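Notes follow once the structure below has been shown.
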Amino acid sequence: MANKRDYYEVLGINRDASDEDIKKAYRKLAMKFHPDRNPDNPKAEDHFKEAKEAYEILSDKQKRPAYDQFGHAGVDPSAGGGAGGFGGAGGAGFANAFSDIFGDIFNGQRGGAGGGGGRSNVYRGADLRYNLEVSLEDAARGSETRIRIPTMAECDTCHGSGAKKGSEPKTCPTCGGHGQVRMQQGFFSIQQTCPKCHGTGRYVADPCAPCQGSGRIKQHKTLSVKIPSGIDEGDRIRLSGEGEPGVGGGPAGDLYVQIHLKPHGVFQRDHDDLHCEMPVSFTTAALGGEIEIPTLDGIARLKIPSETQTGKVFRLRGKGIKGVRSIARGDLLCHVVVETPVSLTDRQKELLQEFETISQGNASRHNPKAQSWMDRVKDFFGG
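Per this note's numbering, residue 9 is the first one in the sequence shown, and the count goes up by one each step.
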């Protein structure tokens, strides 16, 4: 023992160092001198063993006071309480140290069979999504609706234990209640979820029939959803805590209501703007006039100038929708469609034929687009 260095010196810490300081110092040295990281440095293994031994003594609440009072003699293995003899640490010692380091980093605590502490079995519930169809009017003005969704609730028979009435879950025999099992191969120790209890640490030998041992049953619940004015296709409404309930007392997930707009008989929505086709009679398009246009606020009147053609767009400002994130309302765009008369009487046909005859002498004047198109066709075919 005379050749052994002071454990505080080995870890590079003061004698009044806290447990956290000891752990941090050990992690640093273990990562630095681990044999797998230093295959060409034969002294690395000795430093690793020395750090491991110092950590085992100083992190033990019973051995550290003995060491502080009596030095190495107070923890001599021959006296029954020492750390000495690293156990030939060529295999298990390295594996345990490796597990200590990475188990602390990734899990925050040791776990698994023989790990000295159980793993937390508290989990947040899953988020859910509900597809909700709303009318254009409800999306524009806002509304409130009720939805019915499936959910998982605590089983009334077993009160969430998963065990048959009169029995209770038992400690898992595979992992000893830790929820984790450790598999060791060479220098490495791998910790994984127990395949028997699936990480819960408890095993239901006689499961409850209604919930089949899960502790939860499927139910439905009705929720009220407020639809804000201006909501659009694809927007989501988040209902906090209305998702799947958590496991082991964990918080519930959230419910996301996905908005889909129902097709409308008159309007098509484009963000904050609305579009509609506006059929105009042949006479009104030619001579001009005034027609009524439907809007979300009621009827509006629109003046149609003479000689209006199909495809002409009239914009009614402020007659669209005020989006959720907008500061002003969009516009209503009316697309003119000149309607060809149908189901004509003989007298109507006679008048239209007379009109055609009168117009033939001035085709370029009365039908400029048609004349221009015919000229391009002639040019295409070489005159």
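Yeah, the Cβ is synthetic: ideal placement off N, Cα and C, and Gly gets one too.
Predicted model, so just to flag it, every value in this text is computed and none were measured.
- In this structure, Glu347 lies near Phe290, with their beta-carbon atoms less than 8 angstroms apart.
- Counting only residues of its own chain and dropping the five nearest sequence neighbours on each side, Pro177 has a CB closer than 7 angstroms to the CB of Ser169, Gly170, Ala171, Arg210, Tyr211, Val212.
- For Ala308, the enclosing beta strand (DSSP E) begins and ends at 306-312.
- Taking Ile198 as reference, the option from His42, Cys205, Arg190 with the minimal CA-CA separation is Arg190.
- Contact annotation, Ile155 with Val233: C-beta distance approximately 6 angstroms; criterion of less than 8 angstroms satisfied.
- The C-beta of Asp280 has 16 or more other C-beta atoms within 10 Å across all chains shown, which makes the residue buried.
- Phe41 is classed as buried because its beta carbon has at least 16 other beta carbons within 10 Å across all chains shown.
- Distances from the alpha-carbon of Glu58 to those of Leu19, Lys31, Ala74, Pro158 put Leu19 closest.
- Per DSSP, Thr365 lies in no beta strand (DSSP E) segment; the continuous alpha helix (DSSP H) that holds it begins and ends at 354-367.
- When DSSP states are grouped into helix, strand and coil, Val332 belongs to the coil group.
- Approximately 7 angstroms separates the beta-carbon atoms of Val332 and Asp243; this is inside 8 angstroms, confirming the contact.
- Cβ atoms of Ala147 and Asp240 come within 8 angstroms of each other, at about 7 angstroms.
- Secondary structure of Val212 (DSSP, three-state): coil.
- The C-alpha of Leu263 lies about 40 angstroms from the C-alpha of Ile301.
- Contact between the stretch 316-323 and the stretch 339-356 is present, with at least three C-beta pairs closer than 8 angstroms.
- Around the beta-carbon of Glu61, 16 or more other beta-carbon atoms lie within 10 Å, marking it buried.
- Between the alpha carbons of Thr208 and Pro215 lies a distance of about 15 angstroms.
- Residues of the same chain with a CB within less than 8 angstroms of the CB of Glu298, apart from the 5 flanking positions on each side, are Arg309, Leu310, Lys311, Ile312 in chain order.
- For Tyr63, the enclosing alpha helix (DSSP H) has its first and last residue at 50-66.
- Judged by beta-carbon spacing, Lys69 lies beyond the 8 angstroms limit of Val83, meaning their Cβ atoms are not closer than that value.
- Spatial neighbours of Leu269 in its own chain (CB-CB distance under 7 angstroms, excluding positions within 5 residues in sequence) are listed in chain order as Val142, Leu144, Ala147, Glu241, Arg277.
- Taken through DSSP and simplified to helix, strand or coil, Asp44 comes out as helix.
- Linking Gln361 to Leu140 through their CA atoms gives a straight-line distance of about 55 angstroms.
- Across the set Leu231, Gly254, Lys327, Cys219, the C-alpha of Leu231 shows the shortest separation from the C-alpha of Ile245.
- Going by DSSP, Arg244 is part of the beta strand (DSSP E) stretching over 244-247.
- Val18 carries a helical assignment under DSSP once its states are collapsed to helix, strand and coil.
- Phe322 is bridged by DSSP to Cys342.
- Straight through space, the alpha carbons of Lys204 and Phe275 are spaced by roughly 59 angstroms.
- Residue pairing by DSSP puts Met191 in a beta bridge opposite Ile198.
- Per DSSP, Gln227 is not a residue of any alpha helix (DSSP H); the beta strand (DSSP E) it occupies stretches across 224-235.
- A distance below 6 angstroms between beta-carbons, with the five flanking residues on each side excluded, links Ser175 to the following residues of its chain, in chain order: Asp214.
- The DSSP-derived three-state label of Asp24 is coil.
- For Tyr138, the enclosing beta strand (DSSP E) covers residues 136-142.
- For a cut-off of 8 angstroms, the C-beta gap from Ala134 to Ile225 is around 16 angstroms, too long to register as a contact.
- Selection Glu53, Pro47, Leu66 evaluated against Asn22 yields Leu66 as nearest (Cα-Cα).
- Contact annotation: Gly251 and Tyr131 have beta-carbon atoms that are not nearer than 8 angstroms.
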